[in-house]
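Counting with our numbering, you get residues 7 to 240 for the letters of the sequence shown. This report refers to the structure that appears directly beneath it.
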Amino acid sequence: MKKIFLSAVIALALCSYGYAQDEEEYEEEEAPAKVTKAPAYEEEEEEEEAAPAPKKAEKKEKKSSGGAFFGAGVDVGGLLNNAGNIRLVFKLNKNMELAAILGMYHHGESSYTPNGGQEQSAKDNYTELSIGAGFDFFVKKDFLPVSIGGEFIYTSPRSLVAGGQEFVASNDIDLMLLQINVLLGAHAEIVNNLYITGKIGLGMSYYSESDPAGEGSFLDFALATKVYLTWFMF
Numbered sequence: 007m008k009k010i011f012l013s014a015v016i017a018l019a020l021c022s023y024g025y026a027q028d029e030e031e032y033e034e035e036e037a038p039a040k041v042t043k044a045p046a047y048e049e050e051e052e053e054e055e056a057a058p059a060p061k062k063a064e065k066k067e068k069k070s071s072g073g074a075f076f077g078a079g080v081d082v083g084g085l086l087n088n089a090g091n092i093r094l095v096f097k098l099n100k101n102m103e104l105a106a107i108l109g110m111y112h113h114g115e116s117s118y119t120p121n122g123g124q125e126q127s128a129k130d131n132y133t134e135l136s137i138g139a140g141f142d143f144f145v146k147k148d149f150l151p152v153s154i155g156g157e158f159i160y161t162s163p164r165s166l167v168a169g170g171q172e173f174v175a176s177n178d179i180d181l182m183l184l185q186i187n188v189l190l191g192a193h194a195e196i197v198n199n200l201y202i203t204g205k206i207g208l209g210m211s212y213y214s215e216s217d218p219a220g221e222g223s224f225l226d227f228a229l230a231t232k233v234y235l236t237w238f239m240f
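Here it is, written out as structure tokens:
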């Protein structure tokens, strides 16, 4: 009887010991699984939060590359004919440009010195001033920007010929020239923010003269060509 009881006690002890080992092994297997899941989840969240950063940078770059607003240019074709104008260009929006046109032509006083004589002055110096406005509306900007525009320029000329007679501006004689140009232009960027513009269209010139004896005027129509070089600064 004692042997049977002792055998039962030993069997229960062995069962308890085996059960305890099974629980320890089970806990050791579960512990790493819980630890490894958390870092993987946190790393995925960090990657998802960091991913939108490049998109924000791209948006900022696109906004900062909108182009310059103000530019200054010169009438290259006019310089060759002593009628060069300076253009101050303002970009109102992506499809419209407005320009202020300023021009000046100065003729210095001529002089003559005969052999053995004194220098003589002709007193023929004068300055012609021009002021006006121009605009361009861009109708195509894919490959080569094309625009439709116009110019309105007022000039005070030194002289003009009407009816076979030459009139020279003075205190008693007023002369006026109004130029109205309707132009089709193409714009090309040579380097960054430096543009060359070629234009062709119809030019109208209205001349007017008034003096104490009367008034006169006439209108000319001609083909107008323009070449502008413009640098957009800011």
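Even for Gly, the Cβ is constructed at its ideal location relative to N, Cα and C.
Exercise. Identify every run of the beta strand (DSSP E) within the stretch 147 to 225, keeping only runs that are complete inside it and at least 3 residues long; order them along the chain.
Key: 152 to 161, 165 to 168, 171 to 174, 180 to 197 and 200 to 217
Quiz item: Would you call A44 buried or exposed, if buried means 16 or more other Cβ atoms sit within 10 Å of its Cβ?
Solution: With a pLDDT of only 48 at A44, under the threshold of 50, the placement of this residue in the model should not be trusted, and no figure is reported.
Quiz item: Does the distance from the C-beta atom of P218 to that of D178 stay below 8 Å?
Solution: yes
Quiz item: Got a sec? Which residues, its chain only, sit under 6 Å from K205 by beta carbon, not counting five neighbours each side?
Solution: L189, G191 and K232
Self-check item: Range covered by the beta strand (DSSP E) that runs through L86
Solution: Premise fails: L86 is in no beta strand (DSSP E) and is neither H nor E.
Quiz prompt | Anticipated Cβ contact below 8 Å, E125 with G140, distance rounded | solution = That belief does not hold up - the Cβ atoms of E125 and G140 are roughly 43 Å apart, past 8 Å.
Quiz item: Taking Cβ to Cβ, would you say R241 is nearer than 8 Å to Y132?
Solution: Lying outside 7 to 240, the shown extent of the chain, residue 241 is not represented and no answer is given.
Quiz item: Secondary structure at F143, three-state DSSP: helix, strand or coil?
Solution: strand
Exercise. Can you tell me the Cβ-Cβ gap for A168 and G222, rounded? I've got them flagged as a contact below 8 Å.
Key: 5 Å
Practice problem: Can you have a look at F75 and say buried or exposed, based on whether 16 or more other CB atoms are within 10 angstroms of its CB? | Solution: With fewer than 16 other beta carbons inside 10 angstroms of its own, F75 counts as exposed.
Quiz item: The beta strand (DSSP E) with K129 in it runs from where to where?
Solution: First-last for K129: undefined, no H or E at that position.
Quiz prompt | Beta bridge counterpart(s) of L94 as assigned by DSSP | solution = A78 and A106
Exercise. Out of H112, F224, K146 and S216, state which residue places its alpha-carbon closest to the alpha-carbon of K100.
Key: K146
Quiz item: Comparing alpha-carbon positions, which option in S127, T236 and T161 lies nearest I137?
Solution: T161
Quiz item: Do Y213 and F224 have their CB atoms nearer than 8 Å?
Solution: yes
Practice problem: Going by DSSP, name the residue or residues bridged to G138. | Solution: I107 and I159
Quiz prompt | Simplified DSSP assignment, three categories, for K68 | solution = Any reading at K68 is ruled out, since the residue's pLDDT is 38, under 50, leaving its predicted position unreliable.
Self-check item: Nearest candidate by alpha-carbon position, reference A106, set H112, V95 and S116
Solution: V95
Quiz prompt | Alpha carbon of N198 to alpha carbon of L184, nearest angstrom | solution = 35 Å
Quiz item: Can you tell me the Cα-Cα spacing of K97 and L181, whole angstroms?
Solution: 34 Å
Self-check item: Residues near S216 in its chain [Cβ-Cβ closer than 6 Å; skip 5 each side]
Solution: Excluding five sequence positions before and after S216, the CB atoms of its chain that fall closer than 6 Å to its own CB belong to D180, given in chain order.
Exercise. Determine which residues share a DSSP beta bridge with S117 and list them.
Key: S127
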